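> Quick one: this structure, given as structure tokens, is what I'll be asking you about.
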Amino acid sequence: MRKKNIWLTLMASIVFIFLIIPLFIVVVTAFGESPSIQFPIKGFSLQWFGEVFKTKSFMRGMKTSLFISIWATVASIIIGVPAAYALARGTVKRRALLKNVFLSPTFVPGIVIGFALFQFLTIKLQMKIITSLFLGHFLISLPYIIRVVGSSLEHFDFSIEEAAWTLGCTKTKSFVKVVLPNISSGIFASFMLAFINSFNNIPVSMFLSGPGVQTLPIALMNHIEYNYDPTVSAMSVMLMLCTILLMWVIEKTLGLATIA
Amino acid sequence: MGFVELKNIDLSYDGSKYILKDLNLTIEKGELVSLLGPSGCGKTTTLRIIAGLINPNSGSFIVDGENLTNVPVHKRNFGMVFQSYALFPHMTVFDNVAFGLKNRKMDKNTIKEKVGRILEVTDLSQFAGRFPKQMSGGQRQRVALARALVVEPKLLLLDEPLSNLDAKLRISMRTEIKRIQQKLGITTVFVTHDQEECFSISDKVAVMNNGDIEQYDTPENIYKYPSTEFVARFIGFDNFFNVEKANYHNYKDIFGHQFVIDYEDSRTQAVATIRPDDIQVVPEDSNMNSIKGIVDVRTFLGDSYQYEIKTELGKINVNHKSEKPYQQGDAVYLLMPSNKIILV
Ligand SMILES: Nc1ncnc2c1ncn2[C@@H]1O[C@H](COP(=O)(O)OP(=O)(O)OP(=O)(O)O)[C@@H](O)[C@H]1O
Ligand SMILES: [Mg+2]
Numbered sequence: 002m003r004k005k006n007i008w009l010t011l012m013a014s015i016v017f018i019f020l021i022i023p024l025f026i027v028v029v030t031a032f033g034e035s036p037s038i039q040f041p042i043k044g045f046s047l048q049w050f051g052e053v054f055k056t057k058s059f060m061r062g063m064k065t066s067l068f069i070s071i072w073a074t075v076a077s078i079i080i081g082v083p084a085a086y087a088l089a090r091g092t093v094k095r096r097a098l099l100k101n102v103f104l105s106p107t108f109v110p111g112i113v114i115g116f117a118l119f120q121f122l123t124i125k126l127q128m129k130i131i132t133s134l135f136l137g138h139f140l141i142s143l144p145y146i147i148r149v150v151g152s153s154l155e156h157f158d159f160s161i162e163e164a165a166w167t168l169g170c171t172k173t174k175s176f177v178k179v180v181l182p183n184i185s186s187g188i189f190a191s192f193m194l195a196f197i198n199s200f201n202n203i204p205v206s207m208f209l210s211g212p213g214v215q216t217l218p219i220a221l222m223n224h225i226e227y228n229y230d231p232t233v234s235a236m237s238v239m240l241m242l243c244t245i246l247l248m249w250v251i252e253k254t255l256g257l258a259t260i261a
Numbered sequence: 006m007g008f009v010e011l012k013n014i015d016l017s018y019d020g021s022k023y024i025l026k027d028l029n030l031t032i033e034k035g036e037l038v039s040l041l042g043p044s045g046c047g048k049t050t051t052l053r054i055i056a057g058l059i060n061p062n063s064g065s066f067i068v069d070g071e072n073l074t075n076v077p078v079h080k081r082n083f084g085m086v087f088q089s090y091a092l093f094p095h096m097t098v099f100d101n102v103a104f105g106l107k108n109r110k111m112d113k114n115t116i117k118e119k120v121g122r123i124l125e126v127t128d129l130s131q132f133a134g135r136f137p138k139q140m141s142g143g144q145r146q147r148v149a150l151a152r153a154l155v156v157e158p159k160l161l162l163l164d165e166p167l168s169n170l171d172a173k174l175r176i177s178m179r180t181e182i183k184r185i186q187q188k189l190g191i192t193t194v195f196v197t198h199d200q201e202e203c204f205s206i207s208d209k210v211a212v213m214n215n216g217d218i219e220q221y222d223t224p225e226n227i228y229k230y231p232s233t234e235f236v237a238r239f240i241g242f243d244n245f246f247n248v249e250k251a252n253y254h255n256y257k258d259i260f261g262h263q264f265v266i267d268y269e270d271s272r273t274q275a276v277a278t279i280r281p282d283d284i285q286v287v288p289e290d291s292n293m294n295s296i297k298g299i300v301d302v303r304t305f306l307g308d309s310y311q312y313e314i315k316t317e318l319g320k321i322n323v324n325h326k327s328e329k330p331y332q333q334g335d336a337v338y339l340l341m342p343s344n345k346i347i348l349v
């Protein structure tokens, strides 16, 4: 028993170290003075953080990413919450099948989805880049909403909805007044999770981005290809901080364990 | 024509198996009627049809002369108390109770006044600001009742409202429900599978079996004169045997034992039955209403013993209080008083 515990601790520590060390290195390199990424760093400087805001492609990418991720997540909330409700309520036929269809984007590799969407939206339908980005991100966000909202509906006592009906509420009104308030933390958590996922997404954005319109992660990738400077590290540090902040908010509202 | 009428109701959830078959029920204004029956017999289904939560496949539902069969649930103005209480977890007791009134677009002061009054009736005034999860089971149950009553519903529907409470609270709550129901004179349908609970508060009882109402009568009549073997069994009769009418009140079983039975019945063939409590154990034979047997199994019930006695008619169950219990193998005579035997 004891021995097993030691092994477990050791393995966990190794995994943790392998995960943390690269991140740690990235963080450290953001503070170097030299114009190319070095480790260990020489000197200390915050200039690269300033450089982030002067890099046009980053700023444009940030704007595009925020725009796409926010609207795609909002759209998938609008579609996903009622869908999760209908699935949980059990009034739909072929529930299992529908559920799998909705969740399928989580099983299919991102590259495949990206390529398929590229073929269909960009080549076939000749959509505008921003529209196809929005649709792509909507598609990858939807499963998160359905899964997380679905799991908070699992513990929902649907008889309170029936009680609202008997008290004179129409079905729509009681959904808003009685169902939504009781799954609001699930909706909020699913929003955060889908947003983070969409914001960080590379494979789908890579296929759908195009000249002049690219999301932030794609802008970062393109930047590294030509300039190996610590601006990317500085940007990464800021993104990490934002992600940690969001995760902390989720943890406070719902607990990470319930949505994992 | 009654105040509430269910006429020829058929219901199937899946389109092939019928849960309710040609169900008919009439309720008079102000009555408290119970639906009593074993698990799965269709009590909740019947109540949900009345509430409008499910639509019957055929048949009609009429209240006060108005056909409500196709009126949706939110327009029926009935109060319903669910087994799980179904309080709104995100609202205080006050807001829970006020919910129905707000839907009716009443002004704030009227709502305040009405809610205040019903909270007083249900003894909840000091809890108005609490949330459901800060309340005990009995208190939640009263909130659910208050919420259903405050809208002055045409009908009050209760689905096993006491089943989550402990024994002591159940008894005080059922008296409470009866008191409020009588005070407000509200027509009520009460679902339960507890016979004692049901008899204690109902004006009338509908005993259900397998989607059908087997008997609909006052609790006293059902207790004394169950009309079918199922009802008799359900309310504690045991010991069923076939008898044949000889003349007037004289009957014979297949072995020729003679029984005088006070029960009025015109049939020549019938099934006689008697409660285990009503059979007397006597040491000597008498030529009428008695039968010989041998003690087979004895179990202790606390205030009495239950005996399983082997007789020509098969096993007969008897509850008997005696200082000196009979032993297995003892020969005894069972006396069945003429006024305790009934025919079904
Ligand atoms: N939504 C449903 N879909 C399919 N069958 C159902 C549904 N609800 C109930 N049934 C079936 O209908 C029958 C009657 O159920 P109902 O809930 O009315 O019983 P009940 O008398 O209220 O029983 P209990 O005392 O256990 O609550 C049962 O056989 C049950 O399995
Ligand atoms: Mg039931």
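Heads up: the sequence lines are chains A and B, in that order.
If you count the first sequence from 1, you need to add 1 to reach our numbering.
If you count the second sequence from 1, you need to add 5 to reach our numbering.
Positions of the beta carbon are idealized from the N, C-alpha and C atoms, including for glycine.
Given the structure is predicted, the values throughout are model-derived calculations rather than measurements.
Are the C-beta of Gly169 of chain A and some C-beta of chain D separated by less than 8 Å?
Of the chains in the structure shown, none is chain D; the protein chains are A and B.
> Residues in the same chain with beta-carbon distance under 6 Å from Leu143 of chain A, minus the five sequence neighbours each way, listed in chain order, please.
Answer for Leu143 of chain A: Ser77, Gly81, listed in chain order.
> Against chain B, does Ile260 of chain A count as a neighbour if the rule is that its beta carbon must be under 8 Å from one of theirs?
Below a pLDDT of 50, predicted positions are generally treated as unreliable, and Ile260 of chain A, at 49, falls in that range; the measurement from the model is reported next regardless. Output row for Ile260 of chain A: interface = no.
> Under DSSP, the alpha helix (DSSP H) around Val194 of chain B begins and ends at which residues?
Careful: Val194 of chain B lies outside any alpha helix (DSSP H), inside the beta strand (DSSP E) at 193-197.
> Between the C-alpha atoms of Ile32 of chain B and Pro61 of chain B, what's the straight-line distance to the nearest angstrom?
Rounded to whole angstroms, Ile32 of chain B to Pro61 of chain B spans 19 Å at the Cα level.
> On the DSSP bridge assignment, give the partners of Thr107 of chain A in chain order.
Partner(s): none; Thr107 of chain A has no beta bridge.
> Under a CB-based cut-off of 8 Å, is Glu155 of chain A close to chain B?
Not one chain B Cβ lies under 8 Å of Glu155 of chain A.
> Going by CA-CA distance only, name the one from B:Glu71, B:Val86, B:Ile59, B:Met111 that's closest to Phe195 of chain B.
Among B:Glu71, B:Val86, B:Ile59, B:Met111, the Cα nearest to that of Phe195 of chain B is on B:Val86.
> For the structure I just gave you, are there three or more beta carbon pairs, one from the stretch 15-35 of chain B and one from the stretch 175-182 of chain B, closer than 8 Å?
No, because fewer than three Cβ pairs between the stretch 15-35 of chain B and the stretch 175-182 of chain B fall closer than 8 Å, the two stretches do not touch.
> Please specify which runs of the beta strand (DSSP E), each continuous and at least 3 residues long, are wholly inside the stretch 195-220 of chain B, giving them in chain order.
Counting whole runs of 3 or more residues, the stretch 195-220 of chain B contains the beta strand (DSSP E) stretches 209-214.
> Hey, Leu140 of chain A and Pro106 of chain A: beta-carbon distance below 8 Å or not?
Going by C-beta atoms, Leu140 of chain A is nearer than 8 Å to Pro106 of chain A.
> Could you tell me the distance, in whole angstroms, from the CA atom of Glu249 of chain B to the CA atom of Thr278 of chain B?
Straight-line Cα distance between these residues: approximately 13 Å.
> Restricting to runs no shorter than 4 residues, where is the alpha helix (DSSP H) found entirely within the stretch 185-237 of chain A?
Listed in chain order, they are 204-209, 217-227.
> Whole angstroms are fine: how far does the CA of Ser14 of chain A sit from the CA of Ile7 of chain A?
Cα to Cα, Ile7 of chain A sits roughly 10 Å from Ser14 of chain A.
> Indicate whether at least one CB of chain B lies closer than 8 Å to the CB of Pro36 of chain A.
Cβ-Cβ to chain B under 8 Å: no for Pro36 of chain A.
> Below 7 Å between beta carbons is the criterion; list the residues of the stretch 42-68 of chain B that meet it against any residue of chain A, in chain order.
Under the 7 Å Cβ criterion, the stretch 42-68 of chain B contributes Ala56, Leu58.
> Please confirm whether any heavy atom of ligand 1 lies closer than 7 Å to the CB of Cys243 of chain A.
It does not: the Cβ of Cys243 of chain A is nowhere closer than 7 Å to a heavy atom of ligand 1.
> Under the DSSP definition of a beta bridge, which residues are partnered with Ile296 of chain B?
Answer is B:Leu339.
> Do you know how far the Cα of Thr74 of chain B is from the Cα of Ile260 of chain A?
Note on Ile260 of chain A: pLDDT 49, under 50, position unreliable in the model; no value is reported.
> Three or more C-beta pairs closer than 8 Å, one from the stretch 26-40 of chain B and one from the stretch 127-138 of chain A: is that the case here?
No, because fewer than three Cβ pairs between the stretch 26-40 of chain B and the stretch 127-138 of chain A fall closer than 8 Å, the two stretches do not touch.
> Is Ile24 of chain B close to ligand 1? I mean its beta-carbon at under 7 Å from any heavy atom of the ligand.
Yes, the beta carbon of Ile24 of chain B sits closer than 7 Å to at least one heavy atom of ligand 1.
> Using alpha carbons as the reference points, say which of A:Ser37, A:Pro41, A:Glu34, A:Leu9 lies closest to Ile22 of chain A.
Comparing Cα positions, the closest option is A:Pro41.
> So is Phe208 of chain A buried or exposed if we call it buried at 16+ other beta carbons inside 10 Å?
By the 10 Å Cβ count, Phe208 of chain A comes out buried.
> Would Val98 of chain B and Thr233 of chain B qualify as a contact pair, given that the criterion is a beta-carbon distance under 8 Å?
No, these two residues do not count as a Cβ contact at 8 Å.
> Reducing DSSP to helix, strand and coil, say where Ala261 of chain A ends up.
Because Ala261 of chain A sits at a pLDDT of 46, beneath the cut-off of 50, its placement in the model cannot be relied upon, and the following sentence gives the value as read from the coordinates. The answer is coil: DSSP assigns Ala261 of chain A none of H, G, I, E or B.
> Is Thr49 of chain B close to ligand 2? I mean its beta-carbon at under 7 Å from any heavy atom of the ligand.
Yes - ligand 2 has a heavy atom lying nearer than 7 Å to the Cβ of Thr49 of chain B.
> Taking 7 Å as the cut-off, is the CB of Asp158 of chain A close to at least one heavy atom of ligand 2?
Not under cutoff, so the answer is no.
> Should Asp164 of chain B be listed as close to ligand 2, given that the test is whether its C-beta is under 7 Å from any heavy atom?
Flag set: Cβ of Asp164 of chain B near ligand 2.
> Considering just the uninterrupted stretch of the alpha helix (DSSP H) at Met183 of chain B, what are its terminal residues?
Before going on, a small fix: residue 183 of chain B reads as Lys here, not Met. Element bounds for Lys183 of chain B: 172-189.
> Are the beta-carbon atoms belonging to Val53 of chain A and Phe45 of chain A less than 8 Å from one another?
Result no, Cβ atoms of Val53 of chain A and Phe45 of chain A do not sit closer than 8 Å.
> Assuming contact is defined by CB atoms lying nearer than 8 Å, are Thr65 of chain A and Phe196 of chain A in contact in what I supplied?
No, these two residues do not count as a Cβ contact at 8 Å.
> Does the Cβ of Cys203 of chain B lie closer than 7 Å to at least one heavy atom of ligand 3?
Absence of ligand 3 is noted for the structure shown, with ligand 1 and ligand 2 being the only ligands found.
> Write down the C-beta distance between Asp283 of chain B and Lys229 of chain B rounded to the nearest angstrom, noting that I regard them as a contact closer than 8 Å.
The Cβ separation is near 11 Å, so there is no contact.
> Verify whether the separation of the beta carbon atoms of Gly42 of chain B and Val156 of chain B is less than 8 Å.
The answer is no: Cβ separation not under 8 Å.
> What is the DSSP secondary structure of Phe242 of chain B, reduced to helix, strand or coil?
It is coil, neither helix nor strand.
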